[in-house]
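A.B. asks: Read top to bottom, the protein sequences are chains V, R and X.
Mind the numbering: the first sequence is residues 8 to 171 in our numbering, read in order.
Mind the numbering: the second sequence is residues 76 to 352 in our numbering, read in order.
Mind the numbering: the third sequence is residues 10 to 818 in our numbering, read in order.
Backbone N, C-alpha and C define an ideal beta-carbon position, used for all residues, glycine too.
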Amino acid sequence: MSKMHVKMTVNGKEVEGLAEPRTLLIHFLRENLNITGPHIGCETSHCGACTVDLDGKSVKSCTVFVAQAQGKELTTVEGLVNEDGSLGVLQEMFREHHGLQCGFCTPGMITRAHRLLQENPNPTEEEIRFGMAGNICRCTGYQNIVKSIAAAADTLNAQKEAAE
Amino acid sequence: MIPAGFEYYRPSDITSAVSILQEHGDEARVIAGGHSLIPMMKLRMADMGHLIDLQDIDALKGIEIGSDAVTIGAMVTQHELITHEGLSNAVPLIKEAALLIADPQVRYMGTVGGNVANGDPGNDMPGLMQCLNARFELSGPDGVREVAAREFYEAAYFTAREDEEILTRITIPVPAGGTGYAYEKQKRKIGDYATAAAAVMIGGGTASVAMTNLADTPIWSDAAGAALAAGDVDGCVSAMMGAIDPVADNRGPIEFKKHVAAVILRRAIARAQSRAS
Amino acid sequence: MNDLTPTPEERAANLKGMGCARKRVEDVRFTQGRGNYVDDIKLDGMLFGDFVRSPYAHARVVSINSEEAMKVPGVVAVITAADLEPLGLHWMPTLAGDKQMVLADGKVLFQGQEVAFVVAEDRYAAADAVELVEVEYEELPVIVDPFEALKSDVVLREDTVDANGKATDGAHGPRNHPNHIFTWEQGDEAATEAVMAEAEVVAEETMYYHRTHPCPLETCGSVASMDKVTGKLTLWGTFQAPHAIRTVVSLISGIEEHNIRVISPDIGGGFGNKVGAYSGYVCSVVASIVTGKPVKWVEDRMENLMTTAFARDYWMSGKISATKDGKITGLHCHVTADHGGFDACADPTKFPAGFMNICTGSYDIPTAYLAVDGVYTNKAPGGVSYRCSFRVTEAVYFIERMIEVLAIKLNMDAAELRRINFIKKEQFPYQSALGWEYDSGDYHTAWDKAMEAVDYQGLRAEQAQRIEDFKAGKTRSLMGIGLTFFTEIVGAGPVKNCDILGLGMFDSCEIRIHPTGSAIARLGTISQGQGHATTFAQILASEIGLPADSITIEEGDTDTAPYGLGTYGSRSTPVAGAATAMAGRKIRAKAQMIAAYLLEVHDNDVEFDVDRFVVKGAPERFKTMKEIAFAAYNQAIPGIEPGLEAVSYYDPPNMTYPFGAYVCVMDIDVDTGVPEIRRFYALDDCGTRINPMIIEGQIHGGLTEALAVALGQEIAYDEMGNVKTGTLMDFFLPTSWEVPNYETDYTVTPSPHHPIGAKGVGESPHVGGVPCFSNAVHDAFRAFGLTQTNMPHDHWRIWKTANDLGLHG
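1) In the region 175-188 of chain R, which residues sit with their C-beta less than 9 Å from some C-beta in chain V, listed in chain order?
2) Short of 8 Å in beta carbon distance, which residues of its chain neighbour histidine 611 (chain X), apart from the five on each side in sequence? Order them along the chain.
3) Can you list, in chain order, the residues of its chain with a C-beta nearer than 7 Å to that of histidine 343 (chain X)? Leave out the 5 residues immediately preceding and following it.
4) Ignore the nearest five residues each way along the sequence and tell me which others in arginine 85 (chain R)'s own chain have a CB closer than 6 Å to its CB.
5) Starting from phenylalanine 60 (chain X), follow the beta strand (DSSP E) in both directions and report where the run begins and ends.
6) Whose Cβ in chain R lies nearer than 8 Å to the Cβ of glutamate 137 (chain X)?
7) Nearest to alanine 180 (chain X) by CA position, among X:Leu112, X:Asp107, X:Ile269 and X:Val163, is which residue?
8) How many Å lie between valine 624 (chain X) and alanine 640 (chain X) at the Cα?
9) Which chain V residues are close to proline 321 (chain R), counting only those with a beta carbon under 8 Å from its beta carbon?
10) Using a cut-off of 8 Å between C-beta atoms, extract the partners of asparagine 325 (chain R) located in chain X.
11) I need the straight-line Cα distance from valine 71 (chain V) to leucine 31 (chain V), nearest angstrom please.
12) Compute the Euclidean distance between the alpha carbons of isoleucine 33 (chain V) and isoleucine 47 (chain V), then round it to the nearest angstrom.
13) For phenylalanine 360 (chain X), tell me which candidate among X:Ala645, X:Asp508, X:Thr103 and X:Pro647 has the shortest Cα-Cα distance.
14) Interface residues of chain V around proline 114 (chain R) at Cβ under 7 Å?
15) In the region 98-124 of chain R, which residue ranges form an unbroken alpha helix (DSSP H) of at least 4 residues, counting only runs that do not cross its ends?
16) Would you say alanine 159 (chain V) faces chain X, with C-beta separation under 8 Å as the test?
17) Measuring straight from C-alpha to C-alpha, what distance separates leucine 260 (chain X) and glutamate 266 (chain X)?
18) Is it buried or exposed for phenylalanine 233 (chain R), if we count other Cβ within 10 angstroms and need 16 for buried?
19) Going straight from the alpha carbon of alanine 298 (chain R) to that of arginine 791 (chain X), what length do you get?
20) Measure the C-alpha to C-alpha separation of aspartate 12 (chain X) and lysine 25 (chain X) and round it to an integer number of angstroms.
21) Given a cut-off of 8 Å, decide if glutamate 409 (chain X) and tyrosine 666 (chain X) are closer than it, judged by their beta-carbon atoms.
22) Around the Cβ of threonine 633 (chain X), are there at least 16 other Cβ atoms within 10 angstroms (buried) or fewer (exposed)?
23) Distance check for valine 187 (chain R) and alanine 285 (chain R), CA to CA, integer angstroms please.
24) With contact counted as at least three CB pairs below 8 Å, one residue from each stretch, are the region 241-261 of chain R and the region 717-735 of chain X in contact?
25) When you compare each of R:Pro114, R:Val105, R:Ala337 and R:Arg263 to serine 91 (chain R) by their alpha carbons, which one comes out closest?
26) Along chain X, which residues have their Cβ under 7 Å away from the Cβ of asparagine 164 (chain V)?
27) Quick one: is isoleucine 329 (chain R) near chain V, going by C-beta distance under 8 Å?
28) So what does DSSP say about glutamate 772 (chain X), is it helix, strand or coil?
29) If you measure between the beta carbons of tyrosine 658 (chain X) and serine 517 (chain X), is that distance less than 8 Å?
30) Any beta carbon from chain R within less than 8 Å of threonine 16 (chain V)'s own beta carbon?
31) Put valine 59 (chain V) into one of helix, strand or coil per three-state DSSP.
32) Output, in chain order, the set of chain X residues within a Cβ distance shorter than 9 Å of glutamate 85 (chain V).
33) For the beta strand (DSSP E) that arginine 698 (chain X) lies in, which residues bound it at each end?
34) What residues match up with threonine 215 (chain X) in a beta bridge as DSSP calls it?
35) Sorted by chain position, which residues of the same chain lie with C-beta nearer than 7 Å to alanine 175 (chain R)'s C-beta, five sequence neighbours on each side aside?
36) At which residues does the alpha helix (DSSP H) containing cysteine 311 (chain R) begin and terminate?
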């Protein structure tokens, strides 16, 4: 099959590459662009390790063809660090509250949590658990992930208040 | 899990999409959100030479709320169904069901059109649409036609849609004020298909009942609805139990599924009744 | 001393040593996607390998035709057993003393078995070519039931019978049938039978601990790179034991060990799955040697679930005897163990059923007997310890179910039955009837604390009311109170009785103190999420008085790390943690001499004080460890070599025995079979606690894996040997929605033989959690006559239990 010229914006930068249309977005990110934060866990859209933010939606990039993502805007966990290179609030809170162990699910978790908090800045525990249910973690039992996200929401809200 | 190769198309109108389908016959498939199709392609259980991506076709988007009916474009995602306030007010059953489909990420991509057109007995929207008495608009080489959801499903993955047709819009009558509704689903975990699911509407002297993943198509039973409308819950359940035909799978054997189907249906009826006024 | 001098407490706090909830150093990388897992490795010219796998569970391979596959653009090679045979690599040794086909050698023994290895320029070309390799099979009768296997005329492993079809001796002695692998006996059979015969009460039960899989989120994979110029092979992979892998690769390939460098990069969870040696590793090495290019192999999720190491699959029959008052007098256990097509269990050599002989549990049982029969079937090989020490989950499940069964027989409260049979505090060190010496414990204290924390009597009263309401038709929900008291056996282990492939199960730590007072320590273990880079630095900080933040921990590179047996069976803290403390003490001993020289006093006149050596009785005269480190490199000190380094190889004198008391409160919807966990209380005693935050995280995680196994997770086969649960749609991994919040608690009973008293914790919650969830399900139905129902307790099986008891009217 012939390759197509893929263009998209990833973490604020315009990127391009040649790929077959069937190339899965996760492979394009990892192999062509060397963006290896998103991981491959289950390949059947159950585990969420490959989650990226695609035009403002949390998406499992193992179940998207690169052709479908042509021209779109993506954010991965690498794009959630602060401008000065320090950890973003969610990243910091995952560290603070031991929301990760082996780290394999973490990029997908944090990227999904980012969108969840964009849509619901004050989630209850139940809303966090329901909103994160597309991401599987084998290590933490989720309790500290939920805690990390709740703490990030508090921090982000406090920052917003201070700025106003 | 790597899919086989294909030619990719992203037409911007329905006519172009249909003509690509016409050109390539059963070598071509349309793709909406892709969350049913792509896993099948990755497992190499689905293989096609031509893939037509519908995402750029504006005519397939949007939700319109009319006084008698709502229409939903085939490319509207589950996430949009859940977050559309007007739709939630007009037909709240849709949101209740959509929240029980898959998981958040899948709901951002999964479309109502894909869910109803695929013909997968595990999908929740077909039974829901039968309960709501929706009509599906199909566009093909010979123009546009409508098929009732209750007449659309023939067998697992076989529907009234012809190979060269695209399911474009869904029209749903707005239930009368005071109609009670409920969508009840038992599943093993988030992301699973239903062990049994029931959609129920009661109000204005009528009732409609449909169930999911208990046969090779969704099951809507006229008799069950009529019994329920007459206040005969046992009759409704018994009619439905006569209509379903579950198969054993990892969720359990047939006798279990039948039992749970009845329990789930009764719970859905009870909740719908409690919401009716 | 003045007001500005930090107090010892302040100085200790600055070190972030043992006992503090130090934030993890790993997380700065992981949270921003800067981990380096095996699939992240990319080398120039790297090729990709993918397997052709058998669709059949038992078949002869008649022919393999790769002509069409080779035509796919980008395909470099298709390797079969015929290609490996001249190199002697078509079979490989297993960890259990058996051997296993690397690629199908004339037949296949389980669905998904590796048949050919396609090597291509990228994974897409490889996948396309896999589809085009034509394999002709001749199907053979399939056996998926171990009991049937022992009766069948069908010989699964023709390589293990002589010319007359008689089973030849195996790695663990005589075999009584071609499909029989071993019989392993512990304890005194005659004495146990005698006790049973005389007993006032004997309870009997048979239970199946179903086959499941560790399923770490990252699948297994490797990258092999043979440098033909230097003759050096570098192998990156998902290895829980990188040094053992190096030795195995050397033994089977003939490449000298110094020419092999094995690297475990970041590992995305292991849970036992990454202990074994897999065909993919071998094939990536061979392919790199053949092509002269680096070759990557990474399995997909279906391959992971269907072919790499499973766990459990134990049919356990028990008899437990007691007096009428509930004092246990004897225990009898027989296991039929389904090992699949090859015996690839990961156990110490002398323990073909692992530490199943810990099955007397936390109880003072004077007489016991255990026999385990290993059996071949047409299922995938494996038998690893999924988040537990070798077969301890099975053992604890067995005894904790038998206790419940006995309680039913005696019509006694199961909490009280446990209490009167616990090994008493003063009995430690305790010699068990099946041969172990328990190091320390205070079970009564832990149990009483747990019972009080959950208000056990209150729960029982609530349950009694619920039963009454259920019988009166007021509710369709039942309440189960799951109890478990477990004793783990971890930290394998003493070289005198623990080895794997002849390698003693010691572990190691090497420390280099840098002149400016920072340090690097390297260990023979490898973290898969346990946070070694954080906690081992904490141990060292307390031992050598340098801040944990100034200590780098490095693992997983066999060219730099000292030899060790890796991370599994909760052995890192008990063994490598001890090595770390011991190496630290060597550093401190030398530092003491340097300090004495600098302070111009006798060696014995200085003493260690948190982060410094002080002159006894004159605390204002001191040298900090930082000062001492600098002196070690810049001053000529008579009689002392320059530098400050140490290495310790620690051979533990005994295992450690963590324990805990768990309570689960569960509501069960009788009509749908849906359980809801209302409360879970976990008290763990892992001895000395190094980092409470990490301990708590391990407990949450282990309990969640226990919930999964108890309530639905299984590798199920149909009678044709097809795997029915090959994707995450059907293989149950719970999400945040299905998992409760857990309450954690602890007591501290240090291990008397461990340098810092630590026992290990990573696996306790899994070991204790599975029976606790399962006992809750059982307990809900106890009042209605249930004694035993097998896991996994998924909706339909719970429903069936209710249905069989007549609870559906």
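C.D. replies: Taking the structure as given:
1) Identification of residues in the region 175-188 of chain R having a C-beta nearer than 9 Å to some C-beta of chain V yields Ala177, Asp178, Pro179, Gln180, Val181, Arg182, Tyr183 and Met184, given in sequence order.
2) Ala605
3) Ser326 and Ala380
4) Closer than 6 Å at the Cβ level, and outside the excluded window around arginine 85 (chain R), lie Asp128 and Asp131.
5) It spans 56-62 - the beta strand (DSSP E) in which phenylalanine 60 (chain X) sits, taken as one unbroken run.
6) Note that residue 137 (chain X) is aspartate in the sequence shown, not glutamate. Simply Ile77, Ala79 and Gly80.
7) It is X:Asp107.
8) 17 Å
9) None at all; the shortest Cβ gap to chain V is about 23 Å.
10) Neighbours of asparagine 325 (chain R) on chain X, chain order: Ala725, Lys733, Thr734 and Asp739.
11) 6 Å
12) 8 Å
13) X:Asp508
14) Thr51, Ser52 and Thr70
15) 112-117
16) no
17) 8 Å
18) exposed
19) 41 Å
20) Interpretation of aspartate 12 (chain X) is limited by its pLDDT of 47, a score under 50 that renders its predicted location unreliable; the figure taken from the coordinates is listed afterwards. Their Cα atoms are separated by approximately 22 Å.
21) no
22) buried
23) 17 Å
24) no
25) R:Val105
26) By Cβ distance, chain X contributes nothing, its closest Cβ being about 20 Å from asparagine 164 (chain V), past 7 Å.
27) no
28) coil
29) Yes, Cβ-Cβ distance for tyrosine 658 (chain X) and serine 517 (chain X) is below 8 Å.
30) no
31) strand
32) Gln41, Gly42 and Arg43
33) Looking at the DSSP string, arginine 698 (chain X) is not in any beta strand (DSSP E), and its letter there is neither H nor E.
34) X:Ser326
35) The question names alanine, but residue 175 (chain R) in the sequence shown is leucine. Within the same chain, leucine 175 (chain R) has close Cβ partners Asp199, Tyr258 and Lys260.
36) 308-318
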